[in-house]
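In the order they appear, the protein sequences are chains W and E. Taking my numbering, the leading residue of the first sequence gets 7, the next gets one more, and so forth. Taking my numbering, the leading residue of the second sequence gets 100, the next gets one more, and so forth. One structure below.
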Amino acid sequence: MNKCMAFVKKLTGTRLFLPIFCLFLVLLSNLIKTPGFFEVSLKNGVLYGYIIDVINRASDLVILAVGMTLVVAASGGTDISVGAVMSVAGAVCCFILSGGQQTVNEFQNPYLLGVMAAIIAGILCGSFNGFLVAKMKIQPMVATLILFTAGRGIAQLITKGQITYIRVESYKKLGSSIPGIPIPTPVFVALIVVLLTYVLLKKTTLGVYIQTVGINSKASRLMGINSTMIIFLSYVFCGLCAGISGLVASSRIYSADANNIGLNLELDAILAVALGGNSLGGGKFSLLGSVIGAYTIQALSTTLYAMGVSPDQIPVYKAAVVVIIVALQSTELKRMVKRLQTERVAGKKVA
Amino acid sequence: MPGEHVLAMRNITKTFPGVQALSHVNFTLRSGEIHALMGENGAGKSTLIKVLTGVEEFETGEITLVGEKSAIINHSPQEAQERGISTVYQEVNLCPNLSVAENLYIGREPKRAGMIDWKTMNRKAKELLKSLKIEIDVTKSIDNYSIALQQMIAIARAVDMSAKVLILDEPTSSLDDNEVEKLFTLMKRLKSEGVGIIFVTHFLEQVYEVCDRITVLRNGGLVGEYEIEKLPRVQLVAKMMGKDFDDLASIKKEKEEGRVREDVVIDAHGIGHQGSIKPYDLKIHKGEVVGLTGLLGSGRSELARSLYGADKPDSGELKVNGKAVTVNKPLDAMMAGMAYLPENRKEEGIVADLSVRDNLILALQAKKGMFHLIGKKEQEELAQEYVKLLQVKTASLDTPIKSLSGGNQQKVILGRWLLTNPDFLILDEPTRGIDVGTKTEIQKLVVKLAEEGKSVMFISSEVEEMLRTCNRMAVLRDGEKVGELEEHELDQNQIMKAIAGGGGDE
């Protein structure tokens, strides 16, 4: 019995327990309300079902959350421009592939060129943010507010205010699926981004440096760590992630819709980091936590759709659930509960 | 009524993961007494204070306070304060960007019609500080004033809350003698008003100057409570350390008079930093310990910082081992073989949430560069080696450094720099806020490092400590290096004279 308790304690004590528990809870609610939620079927060689939809749709967010995690950890601030940067990346890619026309049925330039340009656009946006935050020491929220507002305007400029369509089958593959592979492509993209980032953090010192800078930037400077560079790099990386995410999102709708790609996704990305049990004040972080957080958010949205909640009302329900999840993770609440318990025990003793 | 028990803590027990922080500790405070709480690092002093003020919870035991019918449990410092237990911590806990008056009355601002009554607040603040003989502009933000003054303001704030119990946790570690004297006058007055004062300090002399009683803790357990007259100094130290007093004076070997000095390791010429330290010349030889002495704010730390590139020097030349070096940032200095242990351990030294291992490895890693990751196994071995070498008390290498006691944290930071194998170490107040035992260990280590051929710059406010470790001293006054004292000139009187400006000038 004691051993069992110790095991439970150890399990609940681990960092990732709560994020996983929350995701589990969201999924569990479907088991009761929407039994069909976990059904998976094969249509045209591709897997379909709510659960596949969650994994697929969450990919954009997962990629964003990875970049956001590093930014939050290193600078103790958030990059609120990622949604807009996604639309810039999408616009750049479509502009190059369409050669400036509004609708094309075949690539005007090599596909790879478009992809590279989009990624570079993301990196440039990230560098701009990083320069403002790391070098000019502008508060992250204010610095990234610039691209948050200007980003979609830039995207509109590139697409000349039109929605640019790329009606080419191979362009759709990144956002849908590759023939012969039953799992949607975005899932792989997200997986690769997460894995590469993980390896990058583990195999270089970047992971430790980011945490060190986030926890104590004065000390890290005295130890010879270039905190300005580390913070800059984290923003560049975040821009890169936003670029990749933008490509996926643009491929889903085989177009560059400057107004809608990545709309409000920056807030979900920040939320994913928080749901993953990471402190928004910077410092120690868990990449996996953020990834789980991202899936939780998507699971929540899809769950609500499955329950037939109208899209306009979804934010309200989402907010309510988020409040509960965040409260569950708050240490202050845990203290309050514990105090109540001890007081009750003390009260019994007196009585 | 003097002598009445104000506060009684009985059977207090508290465990941290892997460490028994307090085990059945009793503590009694009477009204109108100054009660010293003594013990080595990790003895449990801070934990006992934290338990009392509600920063930490305790597992068993009870706390009774005069005027409260049943046993009390504080859940937060605010709650403790409402009950009349005020604390002034070792590190000043004020809001640096608020004015002095705001800091004094934060949370209890005088109000008129629901709005803060600034006029009254500033007037009251001024009166309060005046009664303590501190005359400053209360409308200026607090970061305009020295740490010493900030400390006094923090105490003023605590005093003004009409405390039954006033806890002073290492209040004197950043004050100079004059200010300590002022503080003691204040403490004695409060004592005569019937306040019970708990005084946590590492300075033995101060204990014997103001305290009435001493409670000694060791390794989380109670050693005993003593009246001051009945416990001579040597006995106190023996009780704190649990062994015979290792005579501090024996650390330094026979002074090697007239040692030949040849290899110059550090040769600074005209290095300065606008507004903090005027250009200075300084030569440091191989195997030499050079002390920097001077009053608080005389520019000791600033000199060290400009040498290390922590503040980019804006004039002068530096040669390390005969080679000209440009030091614009700490990394440059590290590459030239320097190491720097900063004065402010909490803010500039430790990376609180990271493990002991990470904290040890970081500087070496930074020196090696980002893409030459030190392998897991090598990290483990190196960390293990230095934890053992410096006898760091930690549950494991993965324990976050913040849960170690101050002295052990300092050892980790020292280890971090020793790992980089520097030729020249700058140690800025390495023994501040550290118990006698660890102090001795660190002093011994400095002497040993010098014997091994490393050069050390040693900064300390305690003259005796400097005398024990240094071969030579540079004297600073008002942001300027005003002279040097050679080995044969090193005695307390000479140093005092030089600091005061009576004759140490060159």
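Each residue gets a CB set at the ideal place from its N, CA and C atoms; glycine is no exception. Computed from a prediction, not measured in an experiment: that's the story for all the values here.
Taking A423 (chain E) as the reference, give the member of E:D366, E:D259, E:V388 with the closest Cα.
Out of E:D366, E:D259, E:V388, the CA that lies nearest to the CA of A423 (chain E) is found in E:D366.
Best match in W:V332, W:E338, W:R345 for proximity to F27 (chain W) [C-alpha to C-alpha]
Answer by Cα proximity: W:V332.
Output yes if chain W places a C-beta closer than 7 Å to the C-beta of F115 (chain E); else output no.
Using a CB distance cut-off of 7 Å, F115 (chain E) does not count as an interface residue toward chain W.
Proximal residues to G143 (chain E) (C-beta, below 6 Å), its chain only, five neighbours per side dropped
Within the same chain, and ignoring the five residues on either side of G143 (chain E) in sequence, the residues whose Cβ sits closer than 6 Å to its Cβ are A120, L121, L316, G319.
At the 7 Å Cβ level, is G230 (chain W) part of the contact set with chain E, yes or no?
True, the Cβ-Cβ gap to chain E drops below 7 Å.
Please classify D85 (chain W) as buried or exposed, where buried requires at least 16 other C-beta atoms within 10 Å of its C-beta.
By the Cβ neighbour-count rule, D85 (chain W) is buried, with 16 or more other Cβ atoms within 10 Å of its own.
Within the continuous alpha helix (DSSP H) that includes R567 (chain E), where are the two ends?
Counted as a single uninterrupted DSSP element, the alpha helix (DSSP H) harbouring R567 (chain E) occupies residues 562 to 568.
The region 128 to 137 of chain E in contact with the region 294 to 301 of chain E per 3-pair CB rule at 8 Å:
Because the criterion of three Cβ pairs below 8 Å is met, the region 128 to 137 of chain E and the region 294 to 301 of chain E touch.
Check whether chain W comes within 7 Å of L472 (chain E), counting only Cβ atoms and requiring the distance to be less than that.
So yes, L472 (chain E) belongs to the interface.
Can you list the residues of chain C that E446 (chain E) reaches, using a CB-CB cut of under 9 Å?
No chain C appears in this structure, whose protein chains are W and E.
Does chain W have any CB closer than 7 Å to the CB of P176 (chain E)?
P176 (chain E) does not count as touching chain W.
For L658 (chain E), the first and last residue of its enclosing beta strand (DSSP E):
Since the first residue of chain E shown is 100 and the last is 605, residue 658 (chain E) is not available in this structure.
Is V214 (chain W) close to chain E? Criterion is C-beta to C-beta, closer than 7 Å.
Yes, because at least one Cβ of chain E sits closer than 7 Å to the Cβ of V214 (chain W).
Report yes or no: do the region 93 to 111 of chain W and the region 254 to 263 of chain W share at least 3 C-beta pairs separated by less than 8 Å?
With a cut-off of 8 Å, the region 254 to 263 of chain W and the region 93 to 111 of chain W count as touching, because enough Cβ pairs lie within range.
Using a Cβ-Cβ distance under 7 Å, would K290 (chain W) count as near chain E?
Answer yes: the Cβ-Cβ gap between K290 (chain W) and chain E drops below 7 Å somewhere.
Any 3 or more C-beta pairs closer than 8 Å across the region 159 to 179 of chain E and the region 237 to 245 of chain E:
Remark: fewer than three beta-carbon pairs, one from each stretch, lie closer than 8 Å, so the region 159 to 179 of chain E and the region 237 to 245 of chain E are not flagged as touching.
Got a sec: is the Cβ-Cβ distance from Q509 (chain E) to anything in chain W below 7 Å?
No, Q509 (chain E) lies away from the interface with chain W (no Cβ there is under 7 Å from its Cβ).
Using the three-state DSSP reduction, which class does E356 (chain E) fall into: helix, strand or coil?
Confidence is the limiting factor: at E356 (chain E) the pLDDT is only 46, short of 50, which leaves the residue's position unreliable, though a coordinate-based value still follows. It is coil, neither helix nor strand.
Below 8 Å between beta carbons is the criterion; list the residues of the region 185 to 217 of chain W that meet it against any residue of chain E, in chain order.
Residues are counted here when their Cβ sits less than 8 Å from a Cβ of chain E; for the region 185 to 217 of chain W these are K209, T210, T211, L212, V214, Y215, Q217, given in chain order.
Output, in chain order, the set of chain E residues within a Cβ distance shorter than 7 Å of R345 (chain W).
The contact set of R345 (chain W) on chain E, defined by CB atoms closer than 7 Å, consists of H174 in chain order.
Output the distance between the C-alpha atoms of F344 (chain E) and V546 (chain E), rounded to the nearest integer angstrom.
Low confidence applies here, because F344 (chain E) scores a pLDDT of 45, under 50, leaving its location unreliable and the question unanswered by this model.
For the region 163 to 173 of chain W and the region 270 to 279 of chain W, state whether three or more C-beta atom pairs, one from each stretch, are separated by less than 8 Å.
Taking 8 Å as the limit for Cβ pairs, the verdict is that the region 270 to 279 of chain W does not touch the region 163 to 173 of chain W.
Just to confirm my understanding: we take A573 (chain E), look at its own chain, exclude 5 residues before and 5 after, and list those with CB closer than 6 Å. What are they?
Excluding residues within five positions, the ones whose Cβ falls inside 6 Å are L391, K580, E583.
Taking a contact to mean a Cβ-Cβ separation below 7 Å, would you say E542 (chain E) touches T568 (chain E) in this structure?
Looking at the sequence itself, residue 542 (chain E) is Gln, so the reference to Glu does not match. Pairing Q542 (chain E) with T568 (chain E) gives a Cβ-Cβ distance under 7 Å.
Going by alpha carbons, who is nearest to L147 (chain E) out of E:V535, E:L228, E:M108?
Ranking the options by Cα distance to L147 (chain E), first place goes to E:M108.
Does the distance from the CB of V91 (chain W) to the CB of G157 (chain W) come in under 7 Å?
By the CB criterion at 7 Å, V91 (chain W) and G157 (chain W) fall inside the cutoff.
Quick test of your reading: R576 (chain E) and G393 (chain E), contact by CB under 8 Å. State the CB separation rounded to the nearest angstrom.
So it is a contact: roughly 6 Å between Cβ atoms.
When the Cα atoms are used, what is the spatial distance from L303 (chain E) to I558 (chain E)?
When rounded, the distance between both Cα atoms is 20 Å.
How many angstroms separate the CA atom of D259 (chain E) from the CA atom of G153 (chain E)?
When rounded, the separation of the alpha-carbon atoms in D259 (chain E) and G153 (chain E) is 20 Å.
So, helix, strand or coil for A367 (chain E), using DSSP?
In this structure, DSSP gives A367 (chain E) an extended state, which the three-state scheme calls strand.
Can you name the residues that DSSP bridges to D268 (chain E)?
According to DSSP, which records beta bridges pairwise, D268 (chain E) is partnered with E:V299.
Pick out the complete beta strand (DSSP E) segments inside the region 414 to 480 of chain E, 3 residues or longer, and give them in chain order.
Given a length threshold of 3 residues, each whole run of the beta strand (DSSP E) inside the region 414 to 480 of chain E is given here in chain order: 414 to 419, 422 to 424, 437 to 440.
I want to verify the contact list: residues of chain W whose CB lies under 9 Å from the CB of M433 (chain E), in sequence order.
Against chain W, the beta carbon of M433 (chain E) has neighbours under 9 Å at M229, G230, listed in chain order.
Amino acids of chain W, ordered along the chain, whose beta-carbon sits closer than 7 Å to that of A409 (chain E):
Simply L228.
Scan the region 243 to 323 of chain W and note each continuous alpha helix (DSSP H) run of 4 residues or more that stays entirely inside, going in chain order.
Taking only runs of at least 4 residues, the alpha helix (DSSP H) segments lying wholly in the region 243 to 323 of chain W are 271 to 281, 293 to 312.
Can we say the region 200 to 214 of chain W touches the region 301 to 309 of chain W, given the rule of at least three CB pairs closer than 8 Å?
The way I'd put it, the region 200 to 214 of chain W doesn't touch the region 301 to 309 of chain W; fewer than three beta-carbon pairs between them come closer than 8 Å.
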